[in-house]
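Protein chains in written order, with our numbering: chain A, 7 to 331; chain B, 152 to 469.
Working notes for the structure below.
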């Protein structure tokens, strides 16, 4: 058990070091950082000074180590395009992405579990088949088309909700939130649905399949025979036992929500980290790209590790001696 | 399935081959699936439309001489107020015929899709064969890299490769090579599926007697991998390739839509949707609507074909 945990953590650290190497090589070899940072009017002395200042005259491993040191301290250099520290720009943009991701995650989990349970209990009803067919279409539509479709219906035709931006934001202790104003909440609706729809259908189909499996078990029949109400049987006995795989998948999907936020943020011009990343690619702003890569890898690797460890903690069958993989 | 053996036509091998194909298990499964047949027809129609675009398209959207700005924003089917010309699916802001831009856009989308899948397949199958046949630390390294890459969504990997490649090219060439960078980015982002499946199948095949026999008569490892094992692991590869094609087409459209893919001078379906989105609020819905429908029809029917192929090639489901 302990052996497994240590090995998993070691693996995660190795992955992060490799990603760090990729990010560092991008910074070091894609274009010349000196060229990008100094303008047209520069002297040889300027170049030498900046080269020494950035440590570019040091051997490669030393530079890599220094890059990692800086990255751990949250120092990712200066954006080529905006001329400000990358960490500052990202910190400014992060609340928008995190709020969007949190709200879509909540939407996906609540509606996904709710609809999953509903379609499992009323498996032959017409409402269930409508929902299941709808979910198939939801899975095959690309995210950006869903966003455009929602904009067309709710912003262009019905004129109910805004199609871009965050609305008014309030500053609460350095965190700019859109959750406290009416226009902020309205602006959040369409992006949150766009981003969460795919995860919602995924969770729904998983809950439905797991519920159908559990409802066939003997203890469910026994609970019914004991005269327990349908509600107690469905929610206390059946749903509880479907939650282990649901938690795993939901955890892993959390990472993709943040990655797919790039697409949603571009469709809705949502001023978050994803839009920043896309703009960085368009203008080849390497420090921003490298920083984004590092941040998102820490997030992904961390979530993966956490889900794996949680899995072992929840499911006693996996706590085998030594041979756990 | 009953097979009716007819007398072989010795002098007409082509007819014989077609007959054999028609009577194969796969063709039989195909004739029994309406979904597969409809998807197949849609794919064939769209692909031939793209291939024959210079012949079918009423206008050449890349030739500025044939464009008339007065024709801009003509609604589908209705004659233009100034020139009186009418267009099947309307025109965009520059007076380009939407039907023609879709035909030419599909060429880019399909080129990127097919080439990216071929690249991903070549890399994945090669590495999968080597990993499965050689084993040892070669296998460990290849599969670890695959695991790490699989942790990240393919579209993110593709974006990153696109960004890095863009950084390496001088500004004046960026638009010209954007298509090749796209192919590289999407291809490198989806080799993992191929490698995993081929490695699994190779592990099974390597233990079989025919491989041991080939080893005994002294054939080289490369020859055994290519001539003996490869033909036996190809059918799952075909299924993954079809499904990857749908994913690659959507990935290309997404990247182009985000503005990090095909440039406006060589618009793919995604670029056309990006352009069309700008006119959504002013009421010119057709500039967006028709390219989006084409993309959906293409991706959906390739996907359905892939699903069908997976079921048809899997003997356990028959």
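We put the CB at the ideal spot given by N, CA and C, even for glycine.
Please read all numbers here as calculations on a predicted model, not as lab measurements.
Straight across, the Cα-Cα distance linking residue 214 of chain A with residue 186 of chain B is about 25 Å. For the pair residue 258 of chain B and residue 204 of chain B, the CB atoms are nearer than the 8 Å cut-off.
According to the DSSP assignment, residue 182 of chain A belongs to the beta strand (DSSP E) that extends over 181–183. Runs of alpha helix (DSSP H) with 4 or more residues, each lying fully within the stretch 146–234 of chain A, are found at 149–156, 188–221, 224–231, listed in chain order. One alpha carbon belongs to residue 80 of chain A, the other to residue 265 of chain A, and they sit about 20 Å apart. Secondary structure of residue 314 of chain A (DSSP, three-state): helix. The contact set of residue 251 of chain A on chain B, defined by CB atoms closer than 9 Å, is empty, because the minimum CB distance reaches about 19 Å.
For residue 52 of chain A, the secondary structure class from DSSP, reduced to helix, strand or coil, is helix. Collapsing the DSSP output to three states places residue 248 of chain B in a strand. Among the CB atoms of chain B, none fall inside 8 Å of the CB of residue 102 of chain A. Taking the Cα of residue 198 of chain B as reference, the smallest distance to any Cα among B:452, B:464, B:461 is reached at B:452.
For a cut-off of 8 Å, the C-beta gap from residue 253 of chain B to residue 423 of chain B is around 7 Å, short enough to register as a contact. Residue-level contact by beta carbon holds for residue 310 of chain B and chain A, with a gap shorter than 8 Å. Selection A:148, A:278, A:122 evaluated against residue 136 of chain A yields A:122 as nearest (Cα-Cα). Neighbours of residue 422 of chain B in chain A, taken as residues at a C-beta separation under 8 Å, are lacking, since the least C-beta distance is about 12 Å. Contact of residue 152 of chain A with chain B is not assigned, every C-beta pair being separated by 8 Å or more.
Under DSSP, residue 84 of chain A shares a beta bridge with A:91. Taking every protein chain shown into account, the CB of residue 118 of chain A has 16 or more other CB atoms within 10 angstroms, so this residue is buried. Under the DSSP assignment, residue 462 of chain B falls in the alpha helix (DSSP H) whose first and last residues are 437–464.
In the three-state scheme derived from DSSP, where H, G and I count as helix and E and B as strand, residue 242 of chain B is classed as strand. Contact between residue 182 of chain A and residue 304 of chain B does not hold, since their C-beta atoms are separated by about 27 Å, which reaches or exceeds 8 Å. Residue 284 of chain A sits away from residue 302 of chain A, with the two beta carbons spaced by 8 Å or more. Neighbourhood of residue 306 of chain A in chain B, by CB distance below 8 Å: 302, 303, in chain order. In this structure residue 440 of chain B is buried. Its beta-carbon is surrounded by 16 or more other beta-carbon atoms within 10 angstroms.
Residues are counted here when their Cβ sits less than 9 Å from a Cβ of chain B; for the stretch 269–283 of chain A these are 269, 272, 273, 283, given in chain order. The criterion of a C-beta distance shorter than 8 Å is satisfied by residue 114 of chain A and residue 205 of chain A. Here residue 201 of chain B is buried: its Cβ has 16 or more other Cβ atoms, across all protein chains shown, within 10 Å. With a threshold of 8 Å between beta carbons, residue 187 of chain B makes no contact with chain A. Residue 443 of chain B reaches chain A at 151, 154, counting residues in chain order whose Cβ is nearer than 8 Å.
Residue 434 of chain B counts as exposed, since fewer than 16 other C-beta atoms from the protein chains shown sit within 10 angstroms of its C-beta. Using a CB distance cut-off of 8 Å, residue 288 of chain A counts as an interface residue toward chain B. Closest in C-alpha terms to residue 143 of chain A, from the list B:317, B:450, B:183, comes B:450. DSSP places residue 368 of chain B in the coil class of the three-state scheme, outside both helix and strand. Contact note: residue 168 of chain A does not reach chain B at a C-beta cutoff of 9 Å; the least C-beta distance is about 12 Å. Interface flag for residue 394 of chain B against chain A is unset, since no Cβ pair is found closer than 8 Å. Contact check between the stretch 323–338 of chain B and the stretch 365–377 of chain B: fewer than three CB pairs, one atom from each, fall below 8 Å, which does not count as touching.
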